[in-house]
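By full-length UniProt numbering, the letter at position 229 of the first sequence is numbered 229, and the numbering carries on one by one without gaps. Input: a single structure, listed below in structure tokens.
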Amino acid sequence: MTNLFLHADINNCFASIFRIFNPELNGVPIVVLSNNDGSIIARSQEAKDLGIKMGQPYFEARPIIEKNQVRVFSSNYPLFHDLSTRFHDTLGMFSPHQEIYSIDEGFLDIGGFYNVDLKQYGQKVKETVYKWLGLPICVGIAPTKTLAKLANRIAKKSKKAQGVLVLKEPAHIEAALKTISVGDVWGIGRKYAEKLQAFGVTTAWELSQVNDAFAKKHLTVVGLRIVKELRGVPCADLEIEPPAKKGICTSRSFGQPVTSLEELREAVTAYTTRCASKLRKQKSNCLQITVFIHTNRHKENEEQLYNCKTIQLPVPTNSTLELVHYAMIGVAAIYRPGYKFKKAGVIIDDIRPAQAVQGNIFDRIDRGKHLELMNTIDLLSKKMGSGIVKVASEGINHNWKMKQDYGTPCYTTRMEDILIVR
DNA sequence: TCTGGGGTCCTAGGACCC
DNA sequence: TCTGGGGTCCTAGGACCC
Numbered sequence: 001m002t003n004l005f006l007h008a009d010i011n012n013c014f015a016s017i018f019r020i021f022n023p024e025l026n027g028v029p030i031v032v033l034s035n036n037d038g039s040i041i042a043r044s045q046e047a048k049d050l051g052i053k054m055g056q057p058y059f060e061a062r063p064i065i066e067k068n069q070v071r072v073f074s075s076n077y078p079l080f081h082d083l084s085t086r087f088h089d090t091l092g093m094f095s096p097h098q099e100i101y102s103i104d105e106g107f108l109d110i111g112g113f114y115n116v117d118l119k120q121y122g123q124k125v126k127e128t129v130y131k132w133l134g135l136p137i138c139v140g141i142a143p144t145k146t147l148a149k150l151a152n153r154i155a156k157k158s159k160k161a162q163g164v165l166v167l168k169e170p171a172h173i174e175a176a177l178k179t180i181s182v183g184d185v186w187g188i189g190r191k192y193a194e195k196l197q198a199f200g201v202t203t204a205w206e207l208s209q210v211n212d213a214f215a216k217k218h219l220t221v222v223g224l225r226i227v228k229e230l231r232g233v234p235c236a237d238l239e240i241e242p243p244a245k246k247g248i249c250t251s252r253s254f255g256q257p258v259t260s261l262e263e264l265r266e267a268v269t270a271y272t273t274r275c276a277s278k279l280r281k282q283k284s285n286c287l288q289i290t291v292f293i294h295t296n297r298h299k300e301n302e303e304q305l306y307n308c309k310t311i312q313l314p315v316p317t318n319s320t321l322e323l324v325h326y327a328m329i330g331v332a333a334i335y336r337p338g339y340k341f342k343k344a345g346v347i348i349d350d351i352r353p354a355q356a357v358q359g360n361i362f363d364r365i366d367r368g369k370h371l372e373l374m375n376t377i378d379l380l381s382k383k384m385g386s387g388i389v390k391v392a393s394e395g396i397n398h399n400w401k402m403k404q405d406y407g408t409p410c411y412t413t414r415m416e417d418i419l420i421v422r
């Protein structure tokens, strides 16, 4: 059986999603901002052509944006997530062996396909996603995941490929690798690219030709796998069942500086609530919680503080109430008056399956009651929107909430959001 | 005025044990 | 000045991803 992987991803994902609902945005430059409208996290092709950079601070790009009448949008994760689910569902129609790699990328294992014209097959995937969702995608097909991603990359740039590239024959693969610079290989970041260039390895082809000991020594075993995959030797299977998370983190920058403990308590309560809900969703408990707060590191003339506190829990739990209790102890321990805090976050760690809780004779909490309450809250949140039930310490004013000046409706999901925006 | 958020894996080195 | 050998576990830090 031959090894064959298909990699599909949405072109300029977040910008393309806004275009589905606003056809007048077609052909117009678009940027999408990070949480808090801080920096640019997605651009349409037109915006890329203007020289607007990924990750660039919004205020810095503002002159170009205004001069060229670039359309600006805040992130809308409920909307992105919904379209992402539809995209992956559509891909899943093409093979039972599917990996949901990220919000806008997926792999299919098509190794068992015989007598199939692969180019045509890739085209069919691409056309189907466009027809059903209105989202433009590209497709790469190759004997390893690394090569499939690379094929996709070439498909995006090449006119001839029409958005679909199959890399199968060795000569064809070699020619393709020679056109890709080493830093554009999946898994080779900035540091490794610099290191490799210093050794005279500048293209993906040259990387595929280094010896194994060299790869292991300078890029660890992870790099060795990349090198082998570039040679067409698969080292990674699909991850069909997403593994349970080992750590869960919720953190946000504030829309304006926060100075009071009371407001920090509210924010940390909200973040802990979110962590606990993610934890219950994957049916896990945790044994450790960390709270952190810090000031704005970009303001060099202001007093800086980065403070965190980790607390070990007596018994594994996923109860919002219990976790919030410890988070409040944590935030009180690290708070210092006189600082302008910019960000806070909560990390839960030491995660294990929710069954098999090891009891503790000093445990005073009625776990049966907590469990029932959490189940009820999760059900209400699912039916009526998260936030329908809150822990009191979350407060209601939320002056710390992130800034989102360029919001859009959640077109496909919650009615009440549409009403609020109007 | 204004700079995102959430993850993974690997390695080296220290603490500790027999 | 000499100061074993082998093992495990944990953590911090570095690299990467979208």
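Backbone N, C-alpha and C define an ideal beta-carbon position, used for all residues, glycine too.
A Cβ-Cβ distance of about 4 Å is found for the pair residue 316 and residue 285, placing them in contact under the 8 Å criterion. By the neighbour-count criterion, in which a residue is buried when 16 or more other Cβ atoms sit within 10 angstroms of its Cβ, residue 379 is exposed. By the neighbour-count criterion, in which a residue is buried when 16 or more other Cβ atoms sit within 10 angstroms of its Cβ, residue 301 is exposed. Note on geometry: alpha-carbon atoms of residue 381 and residue 273 lie some 12 Å from one another.
Residue pairing by DSSP puts residue 349 in a beta bridge opposite 288. Assignment of beta-bridge partners to residue 258 by DSSP yields 341.
Selection 291, 401, 94, 322 evaluated against residue 365 yields 322 as nearest (Cα-Cα). Assignment of beta strand (DSSP E) within the stretch 49-101, counting only whole runs of 3 or more residues, yields 71-73 in chain order. Secondary structure of residue 184 (DSSP, three-state): helix. Sequence-distant Cβ neighbours of residue 388 in its own chain, meaning closer than 8 Å and more than five residues away, are 380, 381. By the neighbour-count criterion, in which 16 or more other beta carbons inside 10 Å mark a residue as buried, residue 347 falls on the buried side. Partner residues in a beta bridge of residue 304, as assigned by DSSP, do not exist. No residue range can be given for residue 237, since it is assigned to no alpha helix (DSSP H) and is classified by DSSP as neither H nor E.
Setting aside the 5 residues that flank it on each side, residue 239 is surrounded in the same chain by 99, each with a C-beta closer than 6 Å to its C-beta; the list follows chain order. Minimum Cα-Cα distance from residue 403 among the listed residues 39, 287, 22 corresponds to 39. In this structure, residue 344 lies near residue 264, with their beta-carbon atoms less than 7 Å apart. Secondary structure of residue 370 (DSSP, three-state): helix.
Under the three-state reduction of DSSP, residue 179 is assigned to coil, being neither helix nor strand. Here the stretch 78-89 does not lie against the stretch 52-63, with fewer than 3 beta-carbon pairs under 8 Å apart. For residue 325, there is no enclosing beta strand (DSSP E); the residue is part of the alpha helix (DSSP H) that begins and ends at 320-334. The Cβ-Cβ distance between residue 134 and residue 3 does not fall below 7 Å.
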